[in-house]
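So for the sequence shown, our numbering puts the first residue at 105; every next one is plus one.
Below is one structure, written out as structure tokens, with a few remarks after it.
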Amino acid sequence: MAVTSSKARSTSVRAADAPLGVNAPGGRSGGGATSGARAARLSRVLLGNDSWELKLLSLGVGWELFQTAFALVVSALYVLQTYHPAMSTDGFDLAALVVFTADYLLNLYCCENRFKFVLAFMSIMDVLTIVPSIVDHINRRSGRGAYPFLRFIRVLRLLRLIRLLRAAGSRSVSGACSFVQTIVLLLTSIVFIAAGIFHAAESSNRLADQPPISYGDALYFMLVTLAAVGYGDMLPLTSEGKAVAAAMIIITFTVIPRELSRLNQLLALQSQFRKVYQPVVGNPHVLVVGHVSEPRCLLDFFRELYHPDRLLETGGAVSALSDLPCVIVAPDEPPEGIVALLEHPML
Numbered sequence: 105m106a107v108t109s110s111k112a113r114s115t116s117v118r119a120a121d122a123p124l125g126v127n128a129p130g131g132r133s134g135g136g137a138t139s140g141a142r143a144a145r146l147s148r149v150l151l152g153n154d155s156w157e158l159k160l161l162s163l164g165v166g167w168e169l170f171q172t173a174f175a176l177v178v179s180a181l182y183v184l185q186t187y188h189p190a191m192s193t194d195g196f197d198l199a200a201l202v203v204f205t206a207d208y209l210l211n212l213y214c215c216e217n218r219f220k221f222v223l224a225f226m227s228i229m230d231v232l233t234i235v236p237s238i239v240d241h242i243n244r245r246s247g248r249g250a251y252p253f254l255r256f257i258r259v260l261r262l263l264r265l266i267r268l269l270r271a272a273g274s275r276s277v278s279g280a281c282s283f284v285q286t287i288v289l290l291l292t293s294i295v296f297i298a299a300g301i302f303h304a305a306e307s308s309n310r311l312a313d314q315p316p317i318s319y320g321d322a323l324y325f326m327l328v329t330l331a332a333v334g335y336g337d338m339l340p341l342t343s344e345g346k347a348v349a350a351a352m353i354i355i356t357f358t359v360i361p362r363e364l365s366r367l368n369q370l371l372a373l374q375s376q377f378r379k380v381y382q383p384v385v386g387n388p389h390v391l392v393v394g395h396v397s398e399p400r401c402l403l404d405f406f407r408e409l410y411h412p413d414r415l416l417e418t419g420g421a422v423s424a425l426s427d428l429p430c431v432i433v434a435p436d437e438p439p440e441g442i443v444a445l446l447e448h449p450m451l
């Protein structure tokens with residue numbers, strides 16, 4: 105029979121009667137769980153979500169498609185405004201400001217780490233497209249007039265093409281192909297953005313007796329500069345335009361060779377056994393899955409599979425199996441014996 109002392113009983117009663125959050129003798133503090141929950145909420149507010157991101161959601165790619173299409177419309181509208189300066193787009197400018205701001209805030213809320221998101225290159229580009237739009241809208245509302253020079257910054261939204269490519273990337277596309285697509289989109293975005301900056305710099309600082317410049321002329325000049333041709337039929341007439349041209353030349357001789365060098369390194373790492381097999385509709389193939397490490401076993405399999413007595417019937421026609429492709433799916437690179445067998449003229 106167990107005997108409990110009066111001191112132990114009084115201690116347990118005081119621990120049971122103690123209010124939540126007060127340290128009771130012999131008991132645990134109830135405020136520990138509360139402070140832990142508060143710290144977890146603060147961590148989620150400052151750091152971000154640790155369970156989901158916008159790009160991983162089912163609607164993430166659709167949202168990126170909408171943003172990319174909207175960015176293309178905004179860029180096309182800016183080019184159109186360079187040819188028709190009197191065209192009023194106040195309503196569309198406000199809608200673009202709302203859409204861009206909502207996209208930034210949504211990505212900020214859904215990101216895994218908000219500190220890294222704010223300092224990321226694409227996030228900085230998004231901020232650079234939002235802040236000038238806010239300044240331009242405030243100036244127009246206050247009657248101080250608009251600054252068309254600020255609107256060219258919206259062309260930076262073309263960089264969303266790269267983000268869309270990363271969000272909608274498929275496993276069927278190899279790393280080298282994805283990197284090539286990224287380089288092409290990067291160069292295209294750089295040319296159009298540089299053309300917008302060059303046009304804004306030249307058109308805003310040229311004198312009255314100097315000929316005007318269109319966006320098409322600026323795009324042509326940037327393409328010639330990027331190709332390092334330099335026909336000399338068009339030259340920047342302002343100090344700002346010369347600075348933009350110099351920056352474009354620096355990008356041409358630094359960024360592009362660096363990216364091409366990375367592409368060559370990536371291609372050198374690509375194995376011929378990591379290629380994706382593209383089946384043809386209506387033409388069957390044989391799939392071998394597993395650890396294929398014994399050349400003799402694989403040779404026996406091929407001899408049995410491609411025996412002249414075996415026939416294949418497709419669409420009512422009968423043919424031999426000698427032309428039937430065989431695809432081997434294995435978790436590791438094939439050993440030398442398997443490679444020598446696959447490269448044999450018989451196969």
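Beta carbons: idealized from backbone N, C-alpha and C, even for Gly.
Query, Result
"Rounded straight-line distance, which links the Cα of VAL259 to that of VAL231", "13 Å"
"Pairwise C-alpha distance: LEU373 and TYR187", "48 Å"
"MET229 to LEU176 span [Cα, whole Å]", "15 Å"
"Three-state secondary structure assigned by DSSP to VAL333", "coil"
"The stretch 308-315 / the stretch 340-354 touching (three or more Cβ pairs under 8 Å)", "yes"
"ILE238 - DSSP class collapsed to helix/strand/coil", "helix"
"Sufficient close CB pairs (3 or more, under 8 Å) joining the stretch 195-202 to the stretch 163-170", "no"
"Beta carbon of LEU402 nearer than 8 Å to that of LEU445", "yes"
"Coarse secondary structure for LEU391, derived from DSSP in three states", "strand"
"Environment of GLU447 [buried if 16+ CB atoms lie within 10 Å]", "exposed"
"Nearest to PHE296 (by Cα), restricted to the options VAL284, PRO316, LEU265 and PRO315", "LEU265"
"Residue-chain proximity (PRO383, chain D), Cβ-Cβ < 8 Å", "Of the protein chains in this structure there is only one, and it is not chain D."
"Strand pairing of ILE432, partner residues [DSSP]", "VAL392"
"Distance, ASP207 Cα to ASN217 Cα", "16 Å"
"Burial state of SER274 (16 or more Cβ within 10 Å)", "Any reading at SER274 needs caution, since the residue's pLDDT is 48, under 50, leaving its predicted position unreliable; the model's value is listed next. By the neighbour-count rule (16 or more Cβ atoms within 10 Å), SER274 is not buried but exposed."
"Reduced DSSP secondary structure (H/G/I, E/B, other) of THR193", "coil"
"CA-to-CA distance, ALA351 to GLU74, given in whole angstroms", "Outside the shown range of the chain (105 to 451) lies residue 74, about which nothing can therefore be said."
"Same chain, Cβ closer than 6 Å to LEU409, neighbours up to 5 away in sequence not counted", "none"
"Distance, VAL384 Cα to GLY405 Cα", "The question names Gly, but residue 405 in the sequence shown is Phe. Computed Cα separation, rounded: 23 Å."
"Identity of the residue in VAL392, ALA200, ASN368 and PRO438 nearest THR233 by Cα", "ALA200"
"Given LEU291 as reference, the closest of ASN368, PHE357 and VAL183 once Cα atoms are compared", "PHE357"
"Residue burial classification, SER179 (beta-carbon count within 10 angstroms, cutoff 16)", "buried"
"Supposed contact pair PHE174 and VAL203 - C-beta distance, whole angstroms, cut 8 Å", "6 Å"
"Residue from PHE377, PRO388 and PHE302 whose Cα sits closest to the Cα of ILE432", "PHE377"
"CYS214 (DSSP reduced to helix, strand or coil)", "helix"
"Euclidean distance between Cα positions of LEU367 and TYR381", "22 Å"
"Range of the contiguous alpha helix (DSSP H) that encloses GLY386", "Here GLY386 belongs to no alpha helix (DSSP H), and DSSP marks it neither H nor E."
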